[in-house]
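S.K.:
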Amino acid sequence: MIECEQGQRVGAYHDGELPEASRAEVERHLRECPVCAAELRRLRRLSDLMRAAGGAEMPGEVLARLHQSVDMQPKITMLHVAEVFVAAAASILLVSCVWLWRISAAGADSGQIPLWETAAVAPQDPSAVASQEQLAQWIVHDLSRENGHD
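Residue numbering for the sequence shown follows our numbering, starting at 84 and increasing by one per position.
(1) Can you have a look at E122 and say buried or exposed, based on whether 16 or more other CB atoms are within 10 angstroms of its CB?
(2) Pair every Cβ in the region 85-96 with every Cβ in the region 112-122, then say whether three or more of these pairs are closer than 8 Å.
(3) Taking M161 as the reference, give the member of A173, L176 and V169 with the closest Cα.
(4) Rounded to a whole number of angstroms, what is the C-alpha to C-alpha distance between Q151 and S174?
(5) When you compare only the Cα positions, how much space is there between C180 and Q156?
(6) Quick one: using the 10 Å Cβ neighbour count with 16 as the cut-off for buried, is L113 buried or exposed?
(7) Going straight from the alpha carbon of E110 to that of M141, what length do you get?
(8) Hey, quick one: how far does the alpha helix (DSSP H) through G99 stretch, first residue to last?
(9) Tell me which residues share the same chain as L101 and place their Cβ nearer than 8 Å to its Cβ, disregarding the 5 neighbours each side in the sequence.
(10) Sorted by chain position, which residues of the same chain lie with C-beta nearer than 8 Å to V167's C-beta, five sequence neighbours on each side aside?
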């Protein structure tokens with residue numbers, strides 16, 4: 084692993100993948116950076132070794148084992164990924180339905196209106212909006228009922 088910022092471009096330079104302007108830039112950098120120059124020398128030696136190895140044939144038995152081990156590797160296909168997403172979506176849907184059913188069943192079993200709904204529609208205290216005269220009439224009316232005068 085090269086510790087220089089330009090290090091990743093050395094491999095592309097070696098492989099001839101850079102445009103001319105970038106090649107000139109990397110060549111200037113190689114003259115100034117011993118780390119990158121050493122990396123380029125290492126890549127060139129590796130290329131020479133690979134060329135020298137040439138067309139070495141792999142024995143049929145080794146090649147067959149290699150193919151077999153590759154075939155045994157688990158393959159993640161788009162179908163498998165889709166199956167996982169469908170299963171996750173179905174699980175979320177099931178949990179949501181059960182949760183909503185339990186909430187609606189809990190509200191229906193209690194037979195009570197939730198406090199927040201009653202507060203929104205509850206009548207206001209008559210004394211808060213009644214005039215002095217109306218308040219006096221209600222008091223007289225209540226006292227009359229208690230004494231049996233109604």
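We put the beta carbon where it would ideally sit given N, CA and C, even for glycine.
M.R.: Inspection of the coordinates gives the following:
(1) Taking the sequence shown and counting its residues from 1, one reaches residue 122 at position 39. Residue environment analysis places E122 among the buried positions, since at least 16 neighbouring C-beta atoms fall within 10 angstroms of its C-beta.
(2) As far as the Cβ criterion goes, the region 85-96 touches the region 112-122, which means the pair count is three or higher.
(3) Taking the sequence shown and counting its residues from 1, one reaches residue 161 at position 78. Measuring from the Cα of M161, the nearest candidate turns out to be V169.
(4) Against the sequence shown, residue 151 aligns to sequence position 68. Against the sequence shown, residue 174 aligns to sequence position 91. Straight-line Cα distance between these residues: approximately 37 Å.
(5) As a working note, residue 180 is residue 97 in the sequence shown. As a working note, residue 156 is residue 73 in the sequence shown. So the alpha carbons of these two residues sit roughly 39 Å apart.
(6) As a working note, residue 113 is residue 30 in the sequence shown. Buried, by the Cβ-count rule.
(7) Taking the first residue of the sequence shown as 1, we reach residue 110 at position 27. Taking the first residue of the sequence shown as 1, we reach residue 141 at position 58. Roughly 38 Å between the two C-alpha positions.
(8) Indexing the sequence shown from 1 puts residue 99 at position 16. G99 -> no alpha helix (DSSP H), and no H or E assigned at all.
(9) Start at 1 with the first residue of the sequence shown, and residue 101 comes out as number 18. Cβ within range, chain order: R92, A95 and V109.
(10) Position 84 of the sequence shown holds residue 167. Closer than 8 Å at Cβ, skipping near neighbours: no residue.
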